[in-house]
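Notes follow once the structure below has been shown.
Protein chains: 4
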Amino acid sequence: MNITDPFHDRDGDKLREECGIFGVLGARDAAAMAALGLHALQHRGQEAVGITSFDGREFYSRRGIGHVAANFSSGQAIAELPGMMAAGHVRYSTTGGSGLRNVQPLFADLASGGFAIAHNGNISNAMFLKRDLVQKGAIFQSTSDTEVIIHLVATSRYPTLLDRFVDALRLVEGAYSLICMTPEGMIACRDPLGIRPLVMGKLGDAVVFASETVALDVVGAELLREVEPGELIQVSLDGEISSHRPFGDQAGRPCIFEHVYFSRPDSIMGGRSVYQVRKAIGAELAVEAPADADLVIPVPDSGVPAALGYAQQSGLPFELGIIRSHYVGRTFIQPSDGARNLDVKRKHNANRALVEGKRIVLIDDSIVRGTTSLKIVQMMRDAGASEVHMRIASPPTEHSCFYGVDTPERSKLLAARMDVEAMAKFIQADSLAFVSIEGLYRAVGEAQRNKACPQYCDACFSGEYPTRLTDMAEREDQGQLALPVGKVA
Amino acid sequence: MNITDPFHDRDGDKLREECGIFGVLGARDAAAMAALGLHALQHRGQEAVGITSFDGREFYSRRGIGHVAANFSSGQAIAELPGMMAAGHVRYSTTGGSGLRNVQPLFADLASGGFAIAHNGNISNAMFLKRDLVQKGAIFQSTSDTEVIIHLVATSRYPTLLDRFVDALRLVEGAYSLICMTPEGMIACRDPLGIRPLVMGKLGDAVVFASETVALDVVGAELLREVEPGELIQVSLDGEISSHRPFGDQAGRPCIFEHVYFSRPDSIMGGRSVYQVRKAIGAELAVEAPADADLVIPVPDSGVPAALGYAQQSGLPFELGIIRSHYVGRTFIQPSDGARNLDVKRKHNANRALVEGKRIVLIDDSIVRGTTSLKIVQMMRDAGASEVHMRIASPPTEHSCFYGVDTPERSKLLAARMDVEAMAKFIQADSLAFVSIEGLYRAVGEAQRNKACPQYCDACFSGEYPTRLTDMAEREDQGQLALPVGKVA
Amino acid sequence: MNITDPFHDRDGDKLREECGIFGVLGARDAAAMAALGLHALQHRGQEAVGITSFDGREFYSRRGIGHVAANFSSGQAIAELPGMMAAGHVRYSTTGGSGLRNVQPLFADLASGGFAIAHNGNISNAMFLKRDLVQKGAIFQSTSDTEVIIHLVATSRYPTLLDRFVDALRLVEGAYSLICMTPEGMIACRDPLGIRPLVMGKLGDAVVFASETVALDVVGAELLREVEPGELIQVSLDGEISSHRPFGDQAGRPCIFEHVYFSRPDSIMGGRSVYQVRKAIGAELAVEAPADADLVIPVPDSGVPAALGYAQQSGLPFELGIIRSHYVGRTFIQPSDGARNLDVKRKHNANRALVEGKRIVLIDDSIVRGTTSLKIVQMMRDAGASEVHMRIASPPTEHSCFYGVDTPERSKLLAARMDVEAMAKFIQADSLAFVSIEGLYRAVGEAQRNKACPQYCDACFSGEYPTRLTDMAEREDQGQLALPVGKVA
Amino acid sequence: MNITDPFHDRDGDKLREECGIFGVLGARDAAAMAALGLHALQHRGQEAVGITSFDGREFYSRRGIGHVAANFSSGQAIAELPGMMAAGHVRYSTTGGSGLRNVQPLFADLASGGFAIAHNGNISNAMFLKRDLVQKGAIFQSTSDTEVIIHLVATSRYPTLLDRFVDALRLVEGAYSLICMTPEGMIACRDPLGIRPLVMGKLGDAVVFASETVALDVVGAELLREVEPGELIQVSLDGEISSHRPFGDQAGRPCIFEHVYFSRPDSIMGGRSVYQVRKAIGAELAVEAPADADLVIPVPDSGVPAALGYAQQSGLPFELGIIRSHYVGRTFIQPSDGARNLDVKRKHNANRALVEGKRIVLIDDSIVRGTTSLKIVQMMRDAGASEVHMRIASPPTEHSCFYGVDTPERSKLLAARMDVEAMAKFIQADSLAFVSIEGLYRAVGEAQRNKACPQYCDACFSGEYPTRLTDMAEREDQGQLALPVGKVA
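Residue numbers (the UniProt record's numbering), protein chains in the order written: chain A, 1 to 489; chain B, 1 to 489; chain C, 1 to 489; chain D, 1 to 489.
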């Protein structure tokens, strides 16, 4: 199969959001709507997709490896998912038959009836909880951290399902935006810090939940509001909506990297246009780190809005100096006679006629391992650029994420291994600058970062993790690799 | 299969180039290089691909439906194609088993040995010639116009293969850029008018031919020059190159639409950067058709360079007001509850936060049927644009192409049915303007269009076809539909 | 896929054994041996197959829809299943992705470590037990009755796994031959009545368990003995064997239909050759129901041994009057011009030259719905047979089986609806006779059927079910269809 | 895919018929009928299948790798083949995409209109003719010998298609039974010696041609007669039948091995029941080569009729001492711990309880390489047989076939390498005997073999080839391997 992956590169040198979720209740073609909505969230997870629907009597599930379009665009696929309530999930996953066990929504027949759950995030004490559940006789069918929640619900002694669900969540630590389905209706909630996003919309009488507003746009729904950090919203089958705050009031700390890179530029997040925030980051960069150059060139496609902001602020012309192929697919066999770096050229090609003899500012969203940046700088030099000034629209990524983002272990993060000057040398740029963390907070609309209680989770930059990391701590006690194990979100 | 098609949209409202070709002689991994080169030409044909190689004794062929990456990225696929000479082809085609017969390179065992041919263009007297050949006992194995050339070669009485090949081409009318392989080496040629492009490069001792320079870039080869209109270049197995001009000297008339839309912006065509020409068209448009507006917005992705040119010339800010999904795939089932135009939203989504309350200039490369333009104007209005001024980076497309471009029949071309004012009304824009044909010629670097003998083939705009159209004329005599029949190129 | 199914016909009019199981401990290529062994048991279940192996540290599983050869003949498939212990299962199942959940061996990670189970039989109180387990928080991943056993083991409070396993079996009623794997070794057992078969063999130092002796033959193993009814045999990883009798001593009642039809004729069952038993049934028939005829003709292939016995006893010549196609595959589109009964001819064709003008005795193993018998009698008449005398090598099948055999509901069994005379009329035979139940007992070597305590389970003929049928009784109380629900075995 | 191959074993030690053909004109569902008919001829060719139909205006073709049921049982497949005339072909072939080029019916658009041809046999001067045609400019699309006929038709100067067709056949030497379709109707013919079979039947107003009568039975048609050797039958679209004898009168020499092995036992060939002929061969064997033994055992399934004949003649009991698995499929990975000959046990298993301590006569149809015979004799001894007497229902196969049967080269035929005594030693039988060639002629109903002019082609036994073998002779002149090259039939 030919998977074209323009935002996040499979072999690539990017952090990757691990999931997108979508739910709808009260629409005649709930599953068709879920398919469209998940398609709009495809950039959040490209390796597997699942949809579960409920027709008032039965739950129906369909899962597949690959893109939404490859699995859910046929009439037959949709016809297998009848009913007016549906929820779905896109994720990164291992491929293959057994991998399907981990594709969400997960589903279980509880004593109270069917229970389906779609999860974006990562539970940081999943291993700890699982060990205890297995001791008591629980049998796990997946290796997903999400399944812990189902078993906690199944074994809770509270009388109502909602109470059992809250009872379960109280034991769970980490990041979770959840969309659940029961025979009574839909439950959507965000963890107390609201680390991963979740929005609520409506389309006629139907209620819609999604990771990003772009999924509402695509199905024609109207944005109502974000699900609040720590909020649990219950929608009954006849459309009655109730909001609960089982964890009390607490300031949220949503992931700031959603603004930098994960979300689509046409989404609205925290009340702000992602596109405008990225332009604002570019403008901050232009002020903080100006460059004496002829052209501003984005690393496509994610660097485009910041590059526009940088260009408009600096007055330098914005130009497409790198052309991205839209047919990326897998790696090709390299001919032995070829010149160096053919593989990066397969994806990006220099617009030589434009770049030749010019001093350029290159704008990218982040640096992870640094290998791609090095190749792109070389490509610009090979195309005749006289100077290459790299500007990055985020602070240095020094720490791994344990909240549902696929990060390399810390020792592979370039910014964890060297300072900015050494990084500039490593990628062979004439100069290198990152936006400051304060500049980033200004771009998202804050006067400044609240040091005592930051408004966002910025742990990947600051190392300040807002929750306990029980499984991590245990593993470090045992001298094991510092990798999250309940790794599926 | 999940075919993502960002430049040209399958269901879409675009003219489509029908083929790309690539050949290499003298490289140790010729087939691997052909695969990479064809991958870079994927935008010229996305439905089928074939590569034929020669190892000094035998010819090897492999063909497939779908993208290059889906068919030729495995080591096994390349290992089936040994040898230091290879040629390949990407094309649009009907899918399915029997469709494979039409996938090029076509191959035949002639009395002189194997003969492989890859063709970009369209032979406008193919039906006429085929009828005569079948009368004499020839059996055709494909429905491709290209096969006519092979049979003409097979039945020619001249003593050498080169003479038989020229003998065949003398009988052929229309557009053809060809790469052929024989046991003696490679032959590349362009029709006397050079309607379709073909360039020549080198990589060490290897000689490379390709439809566009971007394919040279991707394999690491250096551009030597274009194959000239009417030129036939022969490369022997030991690398000796000889140039022939069997048709005498004649001014060429390359396709001007390659500059407007077909070619990749990072290609060099006729000595000019395609990107710079498109920016120049945008600048001409800004002079010829200014607009009182707040923002310049491209219809992504093909409208981007012209929009940059328009913005820089006019001083209006360039902004991404439409975000294109990179996961297009097939059409989804439409939920009955959805709002209108969900399908166009699946591909393009308005950047509402940016557009709301603004007067915008929308830049697109061309209008074919007009249906997409209508939807995009509506999308901008739904997102709150107060005025929408559409500017098109080519003159009105009034005539079908019979030289290897997939055009709807004339009666479906919006510009053949109405004048510009009516078109503006049809697409519901506040204003609509096309660049003039003179502006287009200025943008490609000519002082003016030579009316007596135009420097380019611009038949789709002017109706002035530079060759006879024998099959078309016959069909019109018989009162049949004016469709090209030898339809494969 | 082209599934040829000569013993049991998919669309057919036969009872179907629902499972075959195989296990081996102590062989270097345990999984390869399991694949071969299951292949020899393919007639016991043709729709799905699974193998689980253990390499001393980890369990490995592979499951597939279709035949053993289609799923486990590649070196790669076997290489995915390392270790010296393996167990596998063939079964009938629903096809499709989700169906894979029900393919055995089932596997669970218990607190005591991995636990794999392969089951032939049917648990007749599975629904009752499952309801209770779910109330306590158990989450079922399949719809298989077998999973009940795993949850009972997981939640048992006994200290050792063996005790927990026996504790679980004490709660279970019905038919089960089981092969289980734990990190300590293999456990094989049969229910107290030994309804379904299970034999034990050895090959060098390896211990082998299988449903039938033919699977021992095919892997080159030697038959040691049958696992006794109510016996539980434990084999440790280092090969130590211990036998347990947790249910006390009790006379067994193995399924008599295994001799009539399910087992392969080259298997030894209960110490007797299945082929010889079937010949003996034919001989009994010849004595009980002679016919004045010219030829004895078997309905291929299952009727062949009984027909040989009938022919030898009666002195009539044995001939192949019906030729069976070995390429059955799915149903074809019927041409409208065709004569009647083309579909049965696709599978069976009359040997007209032989049959014409003859009085024939047709021998079949059983009559279920009677539709196939009717067609075959007609085919013989169309081929010119002057008289058709049908003789059946089993008593009338009047009752459904709830012990792991797929039977139609009782109302569809021809023998439940009418007497022998009416059946003869229905199938349009000149005469019809069934072997008596006493004759059947003589053929398997008993002096006579012990009415108080029959030596075999013959419930399908006699209606005397040897266990409680809890789920059935509940359903009948509720007025529901009398179908077994924990239907997977 | 799971290909079960009971008559001819893919890896096996059997001669293989290479093709079966079927045609029907005048039936409303011609393609559905062709699919059923080819299914009944599946034993004549199991690797590829094609059907071409004609609806009065257009020809439609569909080809596939694998069984008829796998390719032509769906309603969609049949719906793609409209019209009242259809012809089809089953064959052995190389698998894979390019292999489809060789799947018949071959089709060409000639000046006279479409021409489809299905061929059973082999043209023994195909290479010679092809070389000449290519010199004149013909382009071959397959490597099939059959395509030579089409080019000869296409380039013939005779005015009518029938004349051109006869003109073509006059140049052709070897074996051919052909079914052709033109816009005027169907042509069926057999080579002057009628080496391969072809029969004619009717079903209502429809005319049917097929390789064997069993295909008529399955579609419900009635046998009219055989197409005579050297006869050409033309059926017009409106059903008018005319018979032509373009080659004059000549005695035919049909293949005698069709009676021994290739044809289905329920076919009538040359007016005789194949089943009865095989029984008669067995009876001849019993007279010519009696054995002092306890049981007669067939090698299933092809040895069964001869074994019945042997048993009835000798008075020894006929018993199934070898049980054949019906799930053969591909070869499995052999476990290293396994006993010898597991692979043959996978297909055949000894019925040990029957064989133990007995002196047996084993009946097989032929010995090719002898490897299978050796394994089966060993299996019988391992099962306890005290003596094994092998009897073969054909004379020793000493010569290769060049008329459409897949034979190993001569040097691999056991009978070409040693005399009967040495063969007995090689296969380790206590005695070995073949039926005499005179005995074989008696069994097919002749008083004796006419030495001057044998009534059958028996070249595989006698070495007397009834036609010139031009390609073979050329190759031997050049010292090349004695293999037929125009190898597809």
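Note that beta-carbon positions come from the ideal geometry of N, C-alpha and C, so glycine has one too.
Judged by DSSP secondary structure, B:His151 falls within the alpha helix (DSSP H) whose first and last residues are Thr146 to Thr155. If you check each beta-carbon in the region 313-324 of chain B against every beta-carbon of chain D, none falls closer than 8 Å. When rounded, the separation of the alpha-carbon atoms in A:Arg190 and A:Ala126 is 17 Å. Proximity to C:Gly404 across C:Phe318, C:Ser177, C:His39 and C:Phe247 peaks at C:Ser177, based on C-alpha coordinates. Annotation: the continuous alpha helix (DSSP H) that includes C:His39 extends over Ala30 to Ala40. For C:Phe247, the three-state secondary structure derived from DSSP is coil. Restricting attention to beta strand (DSSP E) runs no shorter than 3 residues, the region 215-247 of chain A encloses them at 222-226, 232-236 and 241-244, ordered along the chain. For the pair A:Tyr261 and A:Leu41, the CB atoms are not nearer than the 8 Å cut-off.
Spatial neighbours of D:Glu18 in its own chain (CB-CB distance under 7 Å, excluding positions within 5 residues in sequence) are listed in chain order as Gly45, Arg91, Tyr92, Gly404, Val405, Asp406 and Ala489.
In this structure, the CA atom of A:His89 is about 7 Å from the CA atom of A:Leu38.
When the Cα atoms are used, A:Phe115 and C:Ile78 turn out to be separated by approximately 37 Å. Straight-line measurement puts the Cα of C:Pro300 at about 39 Å from the Cα of C:Ile149. One Cα belongs to C:Leu316, the other to C:Ser431, and the distance between them is close to 17 Å. One Cα belongs to A:Glu231, the other to A:Gln455, and the distance between them is close to 17 Å.
Contacts between B:Asn349 and chain A, judged by CB atoms closer than 9 Å, involve Ala40, Val214, Asp217, Val218, Arg264 and Asp266 in chain order. Burial of D:Asn102 is indicated by the presence of at least 16 other C-beta atoms within 10 angstroms of its C-beta.
A straight-line Cα-Cα distance of about 55 Å links C:Ser124 and D:Val208.
Here DSSP, grouped into helix, strand and coil, assigns A:Pro305 to helix. Here DSSP, grouped into helix, strand and coil, assigns C:Phe140 to coil. As a beta-bridge residue in DSSP terms, D:His89 pairs with D:Ile21 and D:Gly50. Residue pairing by DSSP places C:His43 in no beta bridge whatsoever.
In the DSSP annotation of this structure, B:Lys202 is not part of any alpha helix (DSSP H); the continuous beta strand (DSSP E) holding it starts and ends at Val199 to Leu203. Linking D:Pro192 to D:Val172 through their CA atoms gives a straight-line distance of about 11 Å. Per DSSP, C:Leu285 is one residue of the alpha helix (DSSP H) stretching across Val274 to Glu288.
Taking a C-beta distance under 8 Å as the contact criterion, A:Gly282 and A:Leu320 do not qualify as a contact pair.
Of the residues B:Tyr275, B:Tyr60 and B:His67, the one whose Cα lies closest to the Cα of B:Ala48 is B:His67. Contact check between the region 421-439 of chain C and the region 377-396 of chain C: three or more CB pairs, one atom from each, fall below 8 Å, which counts as touching.
A direct Cα-to-Cα measurement between A:Gly83 and D:Ser302 gives close to 57 Å. Of all C-beta pairs linking the region 342-360 of chain D to the region 260-274 of chain C, three or more are shorter than 8 Å, placing the two stretches in contact. D:Met200 has its alpha-carbon roughly 49 Å from the corresponding atom of B:Phe165.
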